[in-house]
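Here the structure is laid out as structure tokens; the discussion comes afterwards.
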Ligand SMILES: Nc1ncnc2c1ncn2[C@@H]1O[C@H](COP(=O)(O)OP(=O)(O)OP(=O)(O)O)[C@@H](O)[C@H]1O
Ligand SMILES: [Mg+2]
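Protein chains in written order, with this note's numbering: chain A, 247 to 646; chain B, 666 to 905.
Following this line, the structure appears as structure tokens:
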């Protein structure tokens, strides 16, 4: 019986292909946008989380100036002693790396490439989760002397050397020549459009002497020990720095400690807000789609008054006529849902390349979207179905 | 479900002082003005009378499609006017076959599927359904027209599909509102032969509205309507 009802519903829908398509368009768009948004949102969240994890686990960045960039020049810069103090005083730290950076053009032969130059020590590789692919990190004597040696990222190597061997070659950074002693293992494409592999690292002392010409440190990067509370570490660092910088209790910090976890939270928060907002838009289009279905079902009931009369006269129960129209509405809306799901998933697959966001298939949301579209059919099909079932057979038969 | 009392086994249909009033107030129109009618099991009744005399109205009530405004309709010992819509629908699907004055077939639906329709609501399985439907189609002489839709059939053919649909369930009672109205005399006589046969061999009680005395002559009994009343009710002497 129910099977017959389904067959009937499909046949009825097939009779009005164009009308049915137009009717379910709202549902198709609604479901497609929900699927697209949730899938892309998930992908983006996973991507951001993964990329930030690749920056270094439990990474915290301590830099002079208040949160924003405006006051940075006013706030006194850090010195090496600050980094040493942190390493000495704060417990549960895995590594502390003082660092400074600056944009620079790297030149080898006829090739040149604008990149970021960072001066730091060997701790930097730990803090930022770098591993050396070939070559070596700095020796203690090189660090102490500020030797003209450098470790380069995969992008820089590719741009300057192409297929040539890079290790041992000398490249020009600004006015000076540095010998390449190590190559970093690639991290791949990276966070927020920034290519992490586009980097050159030299000893901090070399940076201070030969590049910046002063003793300042741009940033102290800290990685908390595994299992340590980053909140606690952050608090301790803040306390220590306030003391060292002689900030009275009434004054605000003139430095900031940024925990990468917070950035992750903020970014995923943004995607979540966006997802919620767009889902609301999708919900509205589902609502409109539902009303469209109700409208077309009401038209259909009027058109088929005679048919309903015949069915009732021949022995159909009210509940069976109700079921027939309800099933029709549900088949209509859920096939709209199905189209929407297919459309949404193909949109995601298509946008994957353009947006550089991984495609993460979420069966939960697909099932949910399908059930929801079916539910739209039940809710908005009920009233027209009720109307059909309530017709008086004699009057319906007289209808022309 | 409905409890059948079965007090009087023979009397299948009993109308007692049945009145049907359409509309209200000034526009009120009394289509039936007090009908008393008993029909026994196995009877074959022709209902005749001028247009507008209330034949179809009466048949609708007998067919449990409509209820009397006043008076009682007792079918198989069940007081039909006390039943709700759903219970009447159960009576229709289980005991009654109806041939409407218009053919009232489902458009854009093949003859065979039209005939299968009442079987669907009886919950008959598809294979059995098709077998019975083809049998009924055969009985009305439409073999070979299974897949034609009503718009591809002549008026007479549509009428025969409607008859096939009404008899496919082998109902206890068949109500037929001018089943030969659109047929030529040859076809009309064929249909009457079919009805007589159904009445004889399967014991189906038949109530048939007709304008043609020729057709009425096939039946066992003729009831004449006039202005919403029964004018005469005679047993037919000889059955053809
Ligand atoms: N639904 C209705 N609403 C109002 N009046 C009705 C309705 N149905 C029937 N009538 C009236 O009741 C009277 C009897 O109608 P009915 O259809 O029973 O006549 P009939 O004997 O079948 O006529 P015919 O031989 O032309 O089919 C007619 O005057 C008709 O106008
Ligand atoms: Mg009539």
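Each residue gets a CB set at the ideal place from its N, CA and C atoms; glycine is no exception.
Note that the structure is a prediction, hence the values are computed from the model and not measured.
Asked	Found
Return the chain-ordered list of same chain residues with a C-beta closer than 7 Å to the C-beta of residue 379 of chain A, the five sequence neighbours on each side being excluded.	429, 430, 431
Can you name, in chain order, every residue of its own chain whose Cβ lies under 8 Å from the Cβ of residue 306 of chain A, other than the five neighbours on each side?	467, 468, 469, 470, 476, 479, 480, 483, 503, 504, 505, 506
On the DSSP bridge list, what partners appear for residue 826 of chain B?	Note: residue 826 of chain B sits in no beta bridge, so no partner.
Select from the segment 734 to 761 of chain B all residues with a C-beta closer than 7 Å to any C-beta belonging to chain A, and list them in chain order.	750, 751, 754, 757, 758
With 8 Å set as the bound, which would you pick, yes or no: does the beta-carbon of residue 765 of chain B sit closer than that to a beta-carbon of chain A?	yes
When the cut-off is 8 Å and only beta carbons count, does residue 730 of chain B lie next to chain A?	yes
Whole angstroms are fine: how far does the CA of residue 534 of chain A sit from the CA of residue 270 of chain A?	10 Å
Using 7 Å as the cut-off, classify the Cβ of residue 714 of chain B as near or not near the heavy atoms of ligand 1, replying yes or no.	yes
Considering residue 895 of chain B, what are the terminal residues of the beta strand (DSSP E) in which it resides?	894 to 900
Please compile the residues from chain A whose C-beta is within a distance smaller than 7 Å of the C-beta of residue 828 of chain B.	Those do not exist, as residue 828 of chain B stays about 13 Å from chain A at its closest Cβ, beyond 7 Å.
Below 8 Å on the Cβ atoms is my guess for residue 473 of chain A versus residue 539 of chain A; work out the distance and round it to an integer in Å.	Incorrect: roughly 55 Å between the Cβ atoms, too far for contact.
Using the rule of at least 16 other Cβ atoms within 10 Å of the residue's Cβ for burial, across every protein chain shown, is residue 655 of chain A buried or exposed?	Here chain A comprises residues numbered 247 to 646, so residue 655 of chain A is not present and cannot be evaluated.
Taking only beta-carbon positions, decide if residue 878 of chain B is within less than 8 Å of chain A.	no
Kindly list the residues whose CB is nearer than 6 Å to the CB of residue 899 of chain B, restricted to its own chain and excluding five residues on each side of it in sequence; keep chain order.	887
Where does residue 895 of chain B land, buried or exposed, given buried means 16+ other C-beta within 10 angstroms?	buried
Are the beta-carbon atoms belonging to residue 346 of chain A and residue 500 of chain A less than 8 Å from one another?	no
Can you give me the C-alpha to C-alpha distance between residue 681 of chain B and residue 731 of chain B, rounded to a whole angstrom?	15 Å
Across the segment 596 to 603 of chain A and the segment 817 to 832 of chain B, are there enough close Cβ pairs to call them in contact, namely three or more that are closer than 8 Å?	no
Less than 8 Å between CB atoms is the rule here; does residue 900 of chain B satisfy it with respect to chain A?	no
Can you look up residue 341 of chain A in the DSSP assignment and give me helix, strand or coil?	strand
Here's a check: name, in chain order, each residue in its chain whose Cβ is nearer than 7 Å to the Cβ of residue 403 of chain A, leaving out the five neighbours to either side.	412, 429
Beta carbon of residue 722 of chain B: closer than 7 Å to some heavy atom of ligand 1?	yes
Starting from the Cα of residue 391 of chain A, find the closest Cα among A:256, A:381, A:296, A:456 and give me that residue.	A:456
Looking at chain B, is there any beta carbon in it that lies within less than 8 Å of the beta carbon of residue 643 of chain A?	yes
Apply the 10 Å Cβ neighbour rule to residue 414 of chain A and answer buried if 16 or more other Cβ atoms are within range, or exposed otherwise.	exposed
DSSP state of residue 873 of chain B, grouped into three classes?	strand
Nearest-angstrom Cα distance between residue 715 of chain B and residue 708 of chain B?	23 Å
By DSSP, does residue 607 of chain A sit in helix, in strand, or in coil?	coil
Distance, Cα to Cα, residue 740 of chain B vs residue 620 of chain A?	43 Å
Locate the beta strand (DSSP E) running through residue 711 of chain B, then write down its first and last residues.	709 to 713
Cutting at 6 Å between CB atoms, please list the residues of its own chain near residue 276 of chain A, excluding the five before and the five after it.	528, 531, 532, 535
In three-state terms, what does DSSP make of residue 840 of chain B?	strand
Here's the rule: buried if 16 or more other CB atoms are within 10 angstroms of the residue's CB, otherwise exposed. What is residue 779 of chain B?	buried
Mind checking the segment 564 to 585 of chain A against chain B and listing, in chain order, the residues whose C-beta falls within less than 7 Å of any C-beta there?	564, 566
Are the beta-carbon atoms of residue 397 of chain A and residue 447 of chain A separated by less than 8 Å?	yes
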